[in-house]
Amino acid sequence: MHIGPLPPWAAKLAERLVAESILPWRPDQVIINEYIESQGISKHVDCESCFEEAIAMFSLLESWEMVFRKKNTKLKAAQLLERGSLAVLTGDARYQWTHEIPSRKMEPSGLPRGRRISITLRKVRTNQPNL
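For reference, each letter of the sequence shown is one residue, going 1 to 131 in full-length UniProt numbering.
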């Protein structure tokens, strides 16, 4: 659902993603999530029919691990989302693998968790024909 324009700071970020050829289109939705200590988010695939292919995720404040699981298999991979990093899910990573932030008090590195902010940018699909 599109509910209005991006705030100015997010619009600048969206424009930069396009200008640097990270995304082929300008995102029109931003989500900010805060994770504190042992919080996480369960495994999921962002709604396939709701959003365009690429999902851009910025990680702020702390480095936390994201776990990917290939659908209908036992394949699993972990990736550290470093503080200040950008992860872009597209293709198989977007549609064939779930992603999650496990709920735990410490990272596998042994560092205790404090606070992580994630900024997710994506484009809402429209059902209108291309003109």
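Note that beta-carbon positions come from the ideal geometry of N, C-alpha and C, so glycine has one too.
Okay, do the region 58-70 and the region 14-22 touch, 3+ Cβ pairs below 8 Å being the bar? Below 8 Å, too few C-beta pairs join the region 58-70 and the region 14-22 to call them touching: fewer than three.
I need the boundaries of the beta strand (DSSP E) containing Arg116, first residue and last residue. Within the sequence shown, the letter at position 116 stands for residue 116. Per DSSP, the continuous beta strand (DSSP E) segment holding Arg116 begins and ends at 115-122.
Which same chain residues end up closer than 6 Å to Asn33 when comparing Cβ atoms and leaving out the 5 residues on each side of it in sequence? Here residue 33 is taken as the residue at index 33 of the sequence shown, counted from 1. Once the five neighbours on either side are set aside, the close Cβ partners of Asn33 are Ser118.
How should Arg122 be labelled, buried or exposed, when 16 other C-beta atoms within 10 angstroms of its C-beta is the threshold for buried? Within the sequence shown, numbered from 1, the residue matching residue 122 stands at position 122. Its Cβ being crowded by 16 or more others within 10 Å, Arg122 is buried.
Runs of alpha helix (DSSP H) wholly within the UniProt domain "Fe2OG dioxygenase" (26-125) (minimum 4 residues, chain order): You should have 91-95.
Determine the closest residue to Thr90 out of Ala56, Leu13, Pro8, Glu100, with distance taken between C-alpha atoms. Numbered from 1 along the sequence shown, position 90 holds the residue referred to as residue 90. Considering only alpha carbons, the answer is Ala56.
Ser103 and Arg83 look like a contact to me (Cβ under 8 Å); what is the Cβ gap, rounded to whole Å? Taking the sequence shown and counting its residues from 1, the one referred to as residue 103 is at position 103. Taking the sequence shown and counting its residues from 1, the one referred to as residue 83 is at position 83. Between Arg83 and Ser103 the Cβ distance is about 19 Å, and since that is not below 8 Å, they are no contact.
Between which two residues does the alpha helix (DSSP H) carrying Glu15 extend? For the purposes of this step, residue 15 is taken as the residue at position 15 of the sequence shown. 8-19 is the extent of the alpha helix (DSSP H) around Glu15.
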